[in-house]
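Residue numbers (the numbering used here): 139 to 515.
Ideal placement from N, C-alpha and C gives every residue a C-beta, glycine not left out.
Model, not experiment: these values are computed from the prediction.
So, in structure tokens, the structure goes:
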């Protein structure tokens, strides 16, 4: 293991520069804590959009595909961090990304740079080769933190036994709310939505998935109309992966009858700004994991659409499985019953979330304490 130098250099690999609010929230949390604890720290982030990442976080950013530049930078790096988020899985896209992230870890090991898996949600992992690679590579690294117990158990089942595996939580729990007025003043319709107390405001976060996309859009549109009519509410669609989710939100809005009572957030808010906006909701209907995480952080009741095991794991960790909605059993009738339940039990759910969010915030600190332990600072 390399000894810590006067100026510490940390390289961070993850799903950064793709305009995904959840991943950017993770990065923002990491960068803030590292800079506070380690004055003069040099942080290098591997990004799809290096210019945007560099300007947003005041760090050095390298194109995530420029392997030669990455290897050159690793030569004098004190710690390589892989995370957070769901990097080690082969169920989305073409399943190749897991080889990319494992390859970067191997590159760090080549230069004897300490490696940390940071607050990751592991899996699903379906291919036998990927399971063997994870066992071989992760048994040689320094430390692992995961954001849920099933991730730890999955690693153990694949034979990852040597490094310590800590169950922490998502780094976004260390974010703080931030004013959004300077952003949305240019969006009068959104400003009106967020400032009126005459009606409930319901957030909707929807994303692509492998199931029946057309049916999902139809049911969400019908439910949004129902909420507007039965609860005298207004709807705001919140894109978490901006371009992709924005397009899908527009398609749902097009299918609605009560379009005048719904809107889409078209401003690219920082994670802390979006957190503040979510704190003004009465209910979040969320498919993106971080829409549910953000709601939990500010004690806003939610209905979680279970498109991926990580959503289920998080809701189970909160002991609120009654707020989980299975997409393979999705119908307007079931959706309505969930909304009715949450609306009638809002105060009870808020109390549970307040207690759980505090615990998850404390667990998120573990990630950074272990970073500083590796660096001996």
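Beta-carbon separation (whole angstroms), residue i vs residue j, contact threshold 8 angstroms
i	j	result
residue 289	residue 260	4 angstroms
residue 308	residue 438	About 16 angstroms separates the two Cβ atoms, so there is no contact after all.
residue 417	residue 436	4 angstroms
residue 325	residue 404	7 angstroms
residue 342	residue 362	7 angstroms
residue 200	residue 208	6 angstroms
residue 442	residue 462	5 angstroms
residue 314	residue 410	6 angstroms
residue 390	residue 358	5 angstroms
residue 312	residue 182	That belief does not hold up - the Cβ atoms of residue 312 and residue 182 are roughly 21 angstroms apart, past 8 angstroms.
residue 304	residue 508	7 angstroms
residue 271	residue 240	6 angstroms
CB contact check: residue i to chain B, cutoff 8 angstroms
i	result
residue 434	Protein chain content of the structure displayed is limited to a single chain, and chain B is not contained in it.
Local Cβ density within 10 Å of residue i, reported as buried at 16 or more and exposed below that
i	result
residue 511	exposed
residue 284	buried
residue 177	exposed
residue 167	buried
residue 345	buried
residue 320	exposed
residue 351	exposed
residue 159	buried
residue 191	buried
residue 492	exposed
residue 141	Note that residue 141 scores 44 on pLDDT, short of 50, meaning its location in the model is unreliable and no value can be drawn from it.
residue 367	exposed
residue 257	buried
residue 515	exposed
residue 243	buried
residue 310	buried
residue 210	exposed
residue 485	exposed
residue 189	exposed
residue 152	buried
residue 501	buried
residue 495	buried
residue 392	exposed
residue 383	buried
residue 293	buried
residue 145	exposed
residue 306	buried
residue 268	buried
residue 157	buried
residue 204	exposed
residue 155	buried
residue 434	buried
residue 498	buried
residue 472	exposed
Alpha-carbon to alpha-carbon, residue j and residue i
i	j	result
residue 323	residue 194	21 angstroms
residue 279	residue 198	24 angstroms
residue 147	residue 215	5 angstroms
residue 228	residue 212	26 angstroms
residue 174	residue 505	15 angstroms
residue 448	residue 180	32 angstroms
residue 387	residue 353	14 angstroms
residue 414	residue 453	21 angstroms
residue 467	residue 459	15 angstroms
residue 408	residue 380	12 angstroms
residue 249	residue 185	21 angstroms
residue 446	residue 432	17 angstroms
residue 223	residue 161	7 angstroms
residue 429	residue 394	22 angstroms
residue 247	residue 275	9 angstroms
residue 253	residue 297	18 angstroms
residue 277	residue 286	19 angstroms
residue 478	residue 456	20 angstroms
residue 424	residue 301	34 angstroms
residue 377	residue 402	8 angstroms
residue 336	residue 469	30 angstroms
residue 375	residue 400	8 angstroms
residue 422	residue 206	44 angstroms
residue 139	residue 255	Confidence at residue 139 is low in this model, with a pLDDT of 42, below 50, so its placement is unreliable and the value that follows should be read with caution. If I take the Cα positions, the gap works out to 16 angstroms.
Beta-bridge pairing of residue i - partner residues as DSSP gives them
i	result
residue 422	341 and 440
residue 431	For residue 431, which the question treats as bridged, DSSP gives no partner whatsoever.
residue 283	304
residue 258	223 and 284
residue 375	342 and 402
residue 182	149 and 198
residue 464	444
residue 253	218
residue 154	185
Heavy atom of the ligand PLP within 7 angstroms of residue i beta-carbon
i	result
residue 435	The model on display carries no ligand, and the ligand PLP is accordingly not part of it.
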